[in-house]
Amino acid sequence: MMYVTAQPEAMNAAADRLQQIGTALAAQTGANSAPMTGVVPAAADPVSLLAAARFAQHGQAFQAVSAEAAAVHEMFVTTLQTSAGSYAATEAANAAGSRPVEWCKSGRVSACGSVVATMP
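Residue numbers (UniProt numbering): 1 to 120.
Take a look at the structure:
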């Protein structure tokens with residue numbers, strides 16, 4: 001039999017720290033967006049113009065990738081917070097001595113279906 005051990009408090013602490021990291025990264029990425037995408041050519045010659053345009057394109061690509069990474073980061077933090085809440089709720093239910101099978105037998109839960117019929 002396999003057992004799962006989780007510490008909801010540690011999961012919440014990790015999620016909070018990850019949220020802080022995400023906020024700091026978003027602030028830095030936003031603060032650096034103008035210098036990355038608004039590169040001024042060194043001179044008026046075609047090579048300088050093309051180089052500046054290329055750097056601006058790379059800056060725009062970085063901004064797009066950063067936005068996607070921020071979205072994935074936020075989903076991860078949300079999932080971690082949700083999981084911590086689920087584990088905490090499960091632990092609380094177990095500690096309270098609630099048993100779903102007994103709830104089914106008592107009629108408090110109507111969606112038990114055939115589980116109740118097979119119980120002794």
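All C-beta atoms in this analysis are idealised placements derived from N, C-alpha and C, irrespective of residue type, glycine included.
Open item on the list: What would DSSP say about Q7, mapped onto helix, strand or coil?
Closed with: coil
TODO: Tell me where the alpha helix (DSSP H) around N94 begins and ends.
DONE: P46 to A95
Open item on the list: What residue range does the alpha helix (DSSP H) around P35 cover?
Closed with: S33 to T37
Open item on the list: Suppose the cutoff is 8 Å on Cβ atoms and the five residues either side in sequence are ignored; what does the same chain contact list for T29 look like?
Closed with: Q63, S66 and A70
Task: Span separating the alpha-carbon of A26 from that of F55 - done: 21 Å
- [ ] Less than 8 Å between the CB atoms is what I'm expecting for V72 and G22, so what's the real figure, rounded?
- [x] That belief does not hold up - the Cβ atoms of V72 and G22 are roughly 10 Å apart, past 8 Å.
Task: Presumed contact (8 Å Cβ cut-off) between N12 and A84, rounded CB distance - done: 5 Å
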